[in-house]
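Colleague: Here it is: the structure, laid out below.
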Amino acid sequence: MQNKLLSFTLATSLALASSLSAAADRITGHHFATRSEAMAPNAMAATSQPLATQVALDIMQKGGNAIDAAIAANAVLGLVEPTGNGIGGDLFAIVWDAETEQLYGLNASGRSPQSLTLEYFKQNGFSSIPPRGVLPLSVPGTVDGWFELHDKFGQLPMAQVLAPAIEYARQGFPVTEVIAYYFERNAEVLKDQPGFADVFMKDGQPPQKGERFTNPDLANTLEKIATEGRDVFYKGDIAKTIGDFVAEHGGFLSYDDLAEHTSTWVEPVSTNYRGYDLWELPPNTQGIAAQQILNILENFDLASMGFDSAEYIHHFVEAKKLAFEDRAKYYADPAFSEAPVEGLIDKGYAKERAQLINPNRAANAVEPGNPPTEGDTIYLTTADQAGNMVSLIQSNYRGMGSGVTPTGLGFVLQNRGELFALEEGHANVFEPGKRPFHTIIPAFVTKDGKPVMSYGVMGGATQPQMHAQILINMIDFGMNLQEAGDAPRILHSGSSQPTGEQMTDGGVVSLENGFSANTRRELIKMGHTLQEAVGPYGGYQAIWKNHEENVYYGASESRKDGHAAGF
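Letter by letter, the sequence shown follows residues -24 to -1, 1 to 543 in mature numbering (1 follows the signal peptide of the UniProt record, and there is no 0).
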């Protein structure tokens, strides 16, 4: 049976990869580039939806800074791309502040309900937390995250920052192609969840491509937030509505849970990869997994291997397996279980882990290491004339989250609680008032103490893999900012998970069209199982600062609906 599966997947792979097809004929750059980098002297924004990019630029042209622009764009994206984000979800950000010349990290993720216990899941026969409905709910952290960012760095009044999202929610906006696709997919799964159809299926079906969609309930919610502040969401009418609605449908997330919520300013952590410092946020996010992958791969000459080579892809996948085994064991809310972050990103530890890679054979299973103890989502980025740069990621988790949509508010509640383990003693085991393991991660790159790149790649466990690939594409393979995102991607799935699952079969490797047939054959010979996948390769946005010319470069994901633009 296994041989038949391999033969089938190989045949499929070879048929799809019979040639290195290009998006279009271009006279410059790599064949897979979809467009040139955007360039501008004053400011830049890159988001996954054109209206959000335009709003970010408008805010900066009206005197706002990159932080104001990021909040405004995020608010618009919660309206126009609710398939990936919204104010019912969580937020993380890394900000380069030009005045202090420092990076600041914000963890605006919410916690589990205080009244829900591990015993509840055990007594009711759950082996894992369900992905939909009221049980995976955790406190939405986004709105508090906006106000934390705004209070520390913002320039324009919050009412002015949120005004574009409110206007589009009332007047409507045309639904773009990829977002319409995900509306259709999510609606099929979520149509019976409380309140969902009332907001997102007003005529019995989700909005279609080009349809002008309005969300007056969300407009009213955002207007309250703009005029009354963050407390109306966490201690006022909105919090009461959420608590009452969840209780009505048998859930545990309460008014008190929202009232007690706080965000946390955290120190970003860095590792140097061939002269560039990659900055990520520490757990409960998975950002340091990207750093672990790069630290392991720094022990190999990837440039000499070549981009389209089985040797490179094999080493990348094996490094990812090693990093994700540590991710499964150690990454959790540091208030409950302190991960050995410095040890996990230690260069000596990475060298030890690199020696475990068999250059000729894929591993079916790997063990977590013993590091030294010392020593569906949107991503957007903005940059302004003063030199401030924001790397912001925000998500409901699975597409449109839990599907639970409180009456009259216009947004769904996230299902991040699904990412807890139910195994006693696990670092990420469910506990009341605990932040779950988080997949969403913003990234930032500096060189010689100067900010050079704000970037991210949305998409669950895809993210650290793609954070690493973007830098490898640029540093090892010489691609520019746009090419690094347009290049075909490598995705390994099936690793051990922070929710308790264990890898025993080596997982599967999915390669986008653009890798050669010979490379795919060689990977199968090395023991990798190849599997075609459409769509899970993430969504990339980036801004690069050229300090010599004082110019911003912008790049946007060709796999999504958005673009990068500046002025």
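Note that CB positions come from ideal geometry on N, CA and C, so glycine has one too.
Answer with buried or exposed for alanine 195, where buried requires no fewer than 16 other C-beta atoms within 10 angstroms of its C-beta.
Modeller: What you label residue 195 is simply residue 219 of the sequence shown in a count that begins at 1. Under this definition alanine 195 is a buried residue.
Colleague: Name the residue from Gly205, Ala266, Asp66, Asn260 whose alpha carbon lies nearest to the alpha carbon of arginine 374.
Modeller: On the sequence shown, position 398 is the one that residue 374 refers to. Closest in C-alpha terms to arginine 374, from the list Gly205, Ala266, Asp66, Asn260, comes Asp66.
Colleague: Let me know the alpha helix (DSSP H) ranges lying completely inside the stretch 273 to 323, each 4 residues or longer, listed in chain order.
Modeller: When DSSP assignments are scanned along the stretch 273 to 323, the uninterrupted stretches of alpha helix (DSSP H) that are 4 or more residues long and fall wholly within it turn out to be 278 to 281, 286 to 306, 317 to 320.
Colleague: Please report how far the alpha carbon of glutamate 350 lies from the alpha carbon of proline 258, in whole angstroms.
Modeller: Against the sequence shown, residue 350 aligns to sequence position 374. Against the sequence shown, residue 258 aligns to sequence position 282. At glutamate 350, the pLDDT of 45 sits below 50, so the modelled position is not reliable; the number obtained from the coordinates is stated separately. One C-alpha to the other measures close to 16 Å.
Colleague: Give the straight-line distance between the Cα atoms of glycine 130 and proline 26, rounded to the nearest whole angstrom.
Modeller: Stepping through the sequence shown from its first residue, residue 130 is reached at position 154. Stepping through the sequence shown from its first residue, residue 26 is reached at position 50. Distance between the alpha carbons of glycine 130 and proline 26 is about 23 Å.
Colleague: Any idea what DSSP makes of glutamate 394, helix, strand or coil?
Modeller: The sequence position of residue 394 within the sequence shown is 418, counting from 1. Reduced to three states, the DSSP call for glutamate 394 is helix.
Colleague: Do glutamate 343 and glycine 301 have their beta-carbon atoms positioned less than 8 Å apart in this structure?
Modeller: Looking up residue 301 in the sequence shown gives position 325. Looking up residue 343 in the sequence shown gives position 367. Note on identity: in this sequence residue 301 is glutamate, with glycine being the wrong assignment. Yes, the Cβ-Cβ distance between glutamate 301 and glutamate 343 is below 8 Å.
Colleague: Measure how close the beta-carbons of valine 208 and isoleucine 201 come, nearest whole angstrom, since I'm counting them as under 8 Å.
Modeller: The sequence position of residue 208 within the sequence shown is 232, counting from 1. The sequence position of residue 201 within the sequence shown is 225, counting from 1. About 6 Å; that satisfies the 8 Å criterion.
Colleague: In chain order, what residues of the same chain lie with their CB nearer than 7 Å to the CB of proline 182, ignoring the 5 residues before and after it?
Modeller: Start at 1 with the first residue of the sequence shown, and residue 182 comes out as number 206. Same-chain partners within the cutoff: Phe159, Glu160, Ala163, Phe176.
Colleague: Check this for me: beta carbons of alanine 172 and alanine 308, under 8 Å apart or not?
Modeller: Working through the sequence shown from its first residue, we reach residue 172 at position 196. Working through the sequence shown from its first residue, we reach residue 308 at position 332. Checking the sequence shown, residue 172 turns out to be phenylalanine, not alanine. For phenylalanine 172 and alanine 308, no; Cβs fall outside 8 Å.
Colleague: Do you know offhand how far residue 544's Cα is from aspartate 44's?
Modeller: With the chain running from -24 to 543 in the structure shown, residue 544 is simply not present.
Colleague: Could you check whether the stretch 267 to 279 touches the stretch 368 to 385, counting it as contact only if at least three pairs of C-beta atoms, one from each stretch, sit closer than 8 Å?
Modeller: Counting Cβ pairs under 8 Å, fewer than three are found: no touch.
Colleague: Is the separation between the beta-carbon of glycine 514 and that of methionine 442 shorter than 8 Å?
Modeller: For the purposes of this step, residue 514 is taken as residue 538 along the sequence shown, with counting starting at 1. For the purposes of this step, residue 442 is taken as residue 466 along the sequence shown, with counting starting at 1. Yes, these two residues count as a Cβ contact at 8 Å.
Colleague: Enumerate, from N- to C-terminal direction, the unbroken beta strand (DSSP E) stretches of 3 or more residues contained entirely within the stretch 366 to 431.
Modeller: 419 to 423
Colleague: Report, in whole angstroms, the separation of the C-beta atoms of glutamine 517 and serine 532, which I expect to be a contact under 8 Å.
Modeller: For the purposes of this step, residue 517 is taken as the residue at position 541 of the sequence shown. For the purposes of this step, residue 532 is taken as the residue at position 556 of the sequence shown. Between glutamine 517 and serine 532 the beta-carbon gap is near 6 Å, inside 8 Å, which marks them as a contact.
Colleague: Does the contact criterion of 3 or more C-beta pairs under 8 Å hold for the stretch 391 to 400 versus the stretch 109 to 127?
Modeller: yes
Colleague: Which residue marks the beginning of the beta strand (DSSP E) containing asparagine 494, and which one marks its end?
Modeller: The residue you call residue 494 lines up with position 518 of the sequence shown. Run containing asparagine 494: none in the beta strand (DSSP E); it sits in the alpha helix (DSSP H), 493 to 501.
Colleague: If you draw a straight line from the C-alpha of glycine 212 to the C-alpha of alanine 541, how long is it?
Modeller: On the sequence shown, residue 212 is found 236 positions in, with the first residue counted as 1. On the sequence shown, residue 541 is found 565 positions in, with the first residue counted as 1. In a straight line, the C-alpha of glycine 212 is about 38 Å away from that of alanine 541.
Colleague: For the beta strand (DSSP E) holding tyrosine 516, just list the boundary residues, first then last.
Modeller: Against the sequence shown, residue 516 aligns to sequence position 540. Unbroken beta strand (DSSP E) run through tyrosine 516: 515 to 522.
Colleague: Within 10 angstroms of the Cβ of arginine 496, are there 16 or more other Cβ atoms? Answer buried if so, exposed if not.
Modeller: In the sequence shown, the residue the question calls residue 496 occupies position 520. Buried, by the Cβ-count rule.
Colleague: Span of the alpha helix (DSSP H) holding isoleucine 446?
Modeller: Along the sequence shown, read from residue 1 onward, the residue named residue 446 stands at position 470. Its alpha helix (DSSP H) spans residues 438 to 451.
Colleague: Determine whether the beta carbon atoms of residue 545 and valine 52 lie at a separation below 8 Å.
Modeller: No information on residue 545 is available, as it lies outside the stretch -24 to 543 that the chain covers here.
Colleague: Among Asn275, Gln370, Tyr306, which residue has its Cα nearest to the Cα of aspartate 452?
Modeller: As a position in the sequence shown, residue 452 is number 476, starting the count at 1. Considering only alpha carbons, the answer is Asn275.
Colleague: Around the Cβ of alanine 311, are there at least 16 other Cβ atoms within 10 angstroms (buried) or fewer (exposed)?
Modeller: Position 335 of the sequence shown, counted from the first residue, corresponds to residue 311. When all chains shown are included, alanine 311 counts as exposed.
Colleague: Looking only at its chain, what residues have a beta carbon closer than 6 Å to the beta carbon of valine 421, apart from the 5 residues adjacent to it on each side?
Modeller: Here residue 421 refers to the residue found at position 445 when the sequence shown is read from its first residue. Excluding residues within five positions, the ones whose Cβ falls inside 6 Å are Tyr252, Leu254, Val428, Met429.
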